[in-house]
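In my numbering, the protein residues as written are 1288 to 1500.
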């Protein structure tokens, strides 16, 4: 429930995105612990919009964003600690130069691709393999939408991936609800239902902590 997530965010001076990033970190921590392994912080790539909200869309559309790296705080022991750390790391990205730098780099790789496809592909793979995957958070329609006369009860998305990335997460809100779509490498995460269950458990604990607070 989006309102419930907003309550958690407000109680901790955070954003909805901070809460969802913390929840993803907590889900991965629970999943890894259940496999008898040691949780360590992992890097995911997040898209950062670089087009001003009031800037009109170009004639031929097209996105204007950069992919920046953020470490998910799996090593933090509690949901609230993970939320605090996720917020701190997101704040660094918001106010730092990394988004503009990576946008320039991705543009350069794109230009290079028109000259030498092999080098462009190798550079893409080099940077892609620095992260476990891509995590997106997209606010969708706030009211019910219809398709061919039928009400859309929910929207579930999956993010694109590149090279040897393991896990992509698409966080999408629609009509007061948030749904998260996981896309995994089945050789690394064959039991994705366990990851989904871990995510639900993490969200439940975040809600409980916020209610107690």
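Virtual Cβ for every residue (Gly too), placed ideally from N, Cα, C.
DSSP bridge partner residues for residue i (one or two, in chain order)
i            : result
residue 1299 : None; residue 1299 has no bridge partner.
residue 1464 : 1461
residue 1426 : 1460
residue 1292 : Answer by DSSP bridge pairing: none, since residue 1292 is not bridged.
residue 1313 : Answer is none; residue 1313 lacks a bridge partner.
Close beta carbons around residue i, own chain, < 8 Å, minus the five adjacent residues each side
i            : result
residue 1419 : 1329, 1330, 1331, 1452, 1453 and 1454
residue 1431 : 1438, 1439 and 1462
residue 1326 : 1315, 1316, 1319, 1320, 1361 and 1362
residue 1380 : 1333, 1335, 1355, 1357 and 1386
Beta-carbon proximity list for residue i, same chain, < 7 Å, skipping 5 on both sides
i            : result
residue 1488 : 1317
residue 1479 : 1469 and 1471
residue 1426 : 1460
residue 1289 : 1460, 1463, 1464 and 1465
residue 1291 : 1494
residue 1294 : 1497
Simplified DSSP state of residue i, which is helix, strand or coil
i            : result
residue 1320 : helix
residue 1366 : helix
residue 1481 : helix
residue 1380 : helix
residue 1332 : strand
residue 1374 : helix
residue 1437 : strand
residue 1398 : Note that residue 1398 has pLDDT 47, beneath the 50 cutoff, so the model's placement of it is unreliable and the number below is only indicative. Of the three classes helix, strand and coil, the one that applies to residue 1398 here is helix, per DSSP.
residue 1473 : coil
residue 1358 : strand
residue 1449 : coil
residue 1503 : The first residue shown for the chain is 1288 and the last is 1500, placing residue 1503 beyond what the model contains.
residue 1443 : coil
residue 1353 : strand
residue 1454 : strand
Residue-chain proximity (residue i, chain C), Cβ-Cβ < 9 Å
i            : result
residue 1301 : In the structure shown, chain C cannot be found, because there is only a single protein chain.
Same chain only: Cβ atoms within 6 Å of residue i, ignoring 5 sequence neighbours per side
i            : result
residue 1308 : 1373
residue 1483 : none
residue 1444 : 1457, 1459 and 1468
residue 1421 : 1332, 1446 and 1455
residue 1475 : 1453
residue 1485 : 1314, 1317 and 1318
Which listed residue (the options) has its alpha carbon closest to that of residue i
i            : options                   : result
residue 1447 : 1457, 1480 and 1355       : 1457
residue 1429 : 1436, 1421, 1423 and 1441 : 1441
residue 1377 : 1357, 1364 and 1292       : 1357
residue 1499 : 1380, 1345, 1464 and 1367 : 1367
residue 1481 : 1294, 1304, 1347 and 1322 : 1322
residue 1365 : 1346, 1310 and 1293       : 1310
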